[in-house]
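Notes follow the structure.
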Amino acid sequence: MVENSKQPNSNLPVSTKNRRGQKFFLLVIILAATAMMISLIYLTFWLIDNYNTAENTTSVVENANLTTISNENGSEPGDDSSSEFNPYWDFGDTDYLAADFDQLKQINPEIVAWISVGGTNINYPITQHSDNSFYLNHSVDRSKNDAGWVFMDYRNQSFKAQTSNHYDRNTIIYAHGRHDGSMFGSLKRILGKEWHNNPDNFLVKISTPHSNSIWQIFSTYQVPDTNDYIQTDFENDTEFSDFLQLLQNRSKFQYHVDLKPTDHILTLSTCANTNSGDKIVAHAKLIRSQNR
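The sequence shown runs 26 to 317 under my numbering.
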């Protein structure tokens, strides 16, 4: 008996629909492989930058020969004692930090100071170039490195004077907020209660070739991308007082620090590691300095 059903012919061409599906699947594989390859390339460069940054950090710390200098006579709070809660009273006997700039200048003549921030990993030399772009992608030895380095705003003249009594009204320091915690990556700690609950963290120590100084933090916050806090020049005391009030009102925590138009302040700024463009910022006022 002859059957009428037809057997499928394996030699028939693949349908147009199947061919399109295969092409689409192949395209997805190619795109995924390309994306993975690009990610691996970026990761490789990121790891190389991290390694070189760690090597440079170790080198500069060794050459800095960091030492502490005691404040033998203590210090008088003066006008800063107007608030009984002012933590300035806790910092009278704090030691200064001193770095060896004869050695550091051999690494890079653009090193202008050394900075240490309480309760963070920030313990680096500060560089300064003729613009605010160079040290975004160059390391302390001026080699190419997307990790960048810590640098002072090109408009500032602070830390260059021969005496300890010359500072700009607002000295601004920048660095990348690296995910591994290097550069200003650990500055985000200033937004946490654990950091704030320890008053010993409220100090920033600066050393320059001609002076050592101690600064007291009075404002910490995260803010959407804005340039209003990086002003360096002020027409008069009133404008500067209004500026100080803006910074203090913006703070996430209260520091009970009294501010005056005669004060000199330090601003630390970094990206918040988000897609929003937010910045993490700390402000500190000069409370004590000494000539070297």
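The beta carbon of each residue, even a glycine, is placed where N, CA and C say it ideally should be. The structure presented is a predicted model; accordingly, all values stated were derived computationally and were not measured.
Distance cut-off 8 Å: residue i Cβ against heavy atoms of the ligand GTP
i: N170; result: You won't find the ligand GTP in this model; it holds no ligand whatsoever.
Separation of residue j from residue i, as counted between CA atoms
i: V306; j: S211; result: 12 Å
i: V27; j: N43; result: The predicted position of V27 is uncertain, since its pLDDT is 45 and thus under 50; a value taken from the coordinates is nonetheless stated next. Taking the straight line joining both Cα atoms gives about 33 Å.
i: A57; j: N170; result: 28 Å
i: D303; j: F49; result: 39 Å
i: I136; j: C296; result: 22 Å
i: N298; j: H201; result: 9 Å
i: I231; j: A138; result: 7 Å
i: L228; j: A60; result: 45 Å
Buried/exposed call for residue i, threshold 16 Cβ in 10 Å
i: V53; result: exposed
i: F176; result: buried
i: N237; result: buried
i: S294; result: buried
i: S155; result: exposed
i: H289; result: buried
i: H204; result: exposed
i: S158; result: exposed
i: A89; result: buried
i: K310; result: buried
Which residues DSSP lists as bridging residue i, in chain order
i: P150; result: W139
i: I198; result: M177, L293
i: H308; result: S244, T292
i: Q315; result: N237
i: I94; result: Y121
i: M208; result: G202
Nearest to residue i (by Cα), restricted to the options the options
i: I132; options: N170, K48, N81; result: N81
i: F259; options: F50, D193, L51; result: D193
i: L91; options: F268, T251, L122; result: L122
i: D253; options: E87, F265, F243; result: F265
i: Y76; options: R313, N261, A172; result: A172
i: T324; options: N222, S84, A79, D118; result: There is no way to answer for residue 324, as the model of the chain reaches only from 26 to 317.
Three CB pairs or more closer than 8 Å across the segment 190-197 and the segment 215-228: A contact is defined here as three or more CB-CB pairs under 8 Å, and the segment 190-197 fails this definition with respect to the segment 215-228.
Cβ contact (3+ pairs, closer than 8 Å) linking the segment 225-237 and the segment 247-266: Taking one beta carbon from each stretch, the segment 225-237 and the segment 247-266 have fewer than 3 pairs nearer than 8 Å; the two do not touch.
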